[in-house]
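To start, the structure under review is shown below, and the notes come after it.
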Amino acid sequence: MSRWMPVNHAQSGGDATRRKAVRRHRRERQFVVFGIAMIALVTVAFASFAIYRGDVEGPFDRAFTTPAGEFESDITLACAPSRAMPLPPGEVVVRVNNGAGISGLAGSTGETLEGRGFLVVGATNWTQDFSGSVRILYGQEGLQHAYTLAAHFDDVELVLDNRPDITLDLVLGQQFGEEPQVRPLDAPELDPTIALSSRGECLPVNVITARPAPRTLPENPLAEASPSPSPSAEASPEG
Numbered sequence: 600m601s602r603w604m605p606v607n608h609a610q611s612g613g614d615a616t617r618r619k620a621v622r623r624h625r626r627e628r629q630f631v632v633f634g635i636a637m638i639a640l641v642t643v644a645f646a647s648f649a650i651y652r653g654d655v656e657g658p659f660d661r662a663f664t665t666p667a668g669e670f671e672s673d674i675t676l677a678c679a680p681s682r683a684m685p686l687p688p689g690e691v692v693v694r695v696n697n698g699a700g701i702s703g704l705a706g707s708t709g710e711t712l713e714g715r716g717f718l719v720v721g722a723t724n725w726t727q728d729f730s731g732s733v734r735i736l737y738g739q740e741g742l743q744h745a746y747t748l749a750a751h752f753d754d755v756e757l758v759l760d761n762r763p764d765i766t767l768d769l770v771l772g773q774q775f776g777e778e779p780q781v782r783p784l785d786a787p788e789l790d791p792t793i794a795l796s797s798r799g800e801c802l803p804v805n806v807i808t809a810r811p812a813p814r815t816l817p818e819n820p821l822a823e824a825s826p827s828p829s830p831s832a833e834a835s836p837e838g
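Counting from 1, position 145 in the sequence shown corresponds to residue 744 in my numbering; the numbering is continuous, with no gaps.
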């Protein structure tokens with residue numbers, strides 16, 4: 600004999616309502632998640648297209664650089680200042696040093712440079728023999744001055760030291776002593792309208808290790824006057 604169990608219609612209706620609410624909440628959450636993802640994808644797509652066209656600068660356009668303190672290289676030549684023109688000779692202070700052991704070499708060369716307008720502040724013997732041709736010692740402040748002077752010689756070695764001013768030391772070696780001559784004034788390298796340029800592989804002056812400067816430095820008669828650079832030499836030294 601079978602029995603009919605009473606059905607609780609109120610309980611059954613409540614379960615169905617909860618299931619509908621759960622499904623509706625799940626659909627709403629999925630709609631929000633997919634909507635945010637779609638917006639993000641569209642934003643990335645527009646940004647990528649703008650970078651591709653060049654309308655927007657990308658995050659990786661910046662060049663990779665090496666901090667100056669961690670840079671190592673065998674190159675010792677500092678590059679000429681960017682777009683800098685030769686200085687007027689009267690703004691270049693130089694001491695001439697005889698490293699060839701040939702009597703009168705520094706004096707005669709100093710007179711030649713004075714005739715060209717350079718501010719020669721001494722002619723003396725170098726502390727040791729120099730077998731090369733011509734060497735110019737300069738500090739970071741005198742990079743443009745060193746290149747201006749170097750243009751008057753055929754074979755020049757530029758050496759950065761830690762002197763704090765614009766003065767230069769010109770060292771004449773044995774090779775120069777064998778045939779002491781400077782470039783003629785009409786040489787194309789001395790054209791004052793042509794920017795200074797490096798003669799070999801070079802680096803910015805701020806990444807080159809400076810050597811110790813001579814114990815006694817040349818006097819700088821321009822120190823008190825502090826002349827402003829000429830209009831043709833406004834470019835600051837960089838690398």
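Ideal placement from N, C-alpha and C gives every residue a C-beta, glycine not left out.
As the structure is a computational prediction, the values presented were derived from the model and not from experiment.
Between the C-alpha atoms of L759 and R694 there is a straight-line separation of about 15 Å. Comparing alpha-carbon positions, the option among A705, L784, T766, G799 lying closest to L816 turns out to be T766. In the DSSP assignment, E713 falls within the alpha helix (DSSP H) that extends over 704-714.
Note on the segment 612-647: there is no whole alpha helix (DSSP H) run with a minimum of 4 residues. When Cβ pairs closer than 8 Å are counted between the two stretches, the segment 683-700 is seen to touch the segment 726-741, the count reaching three or more.
DSSP places N805 in the helix class (H, G or I) of the three-state scheme. Judged by DSSP secondary structure, A722 falls outside any alpha helix (DSSP H) and instead within the beta strand (DSSP E) spanning 718-724. Annotated as distal: L771 and P783, with beta-carbon spacing of 9 Å or more. Contact between E788 and A750 holds, since their C-beta atoms are separated by about 5 Å, short of 8 Å. Residue pairing by DSSP places E756 opposite R734 in a beta bridge. In the same chain as G709, and ignoring 5 residues on each side of it, the C-beta atoms closer than 7 Å to its own belong to V695, V719, A722, in chain order. Bounds of the beta strand (DSSP E) holding L767 are 767-771. Pairing A683 with Y737 gives a Cβ-Cβ distance that is not under 9 Å. DSSP, reduced to helix, strand and coil, places A786 outside both helices and strands of the structure shown, so it counts as coil.
Of F717, R715, E756, the smallest CA-CA separation from I735 is found for E756.
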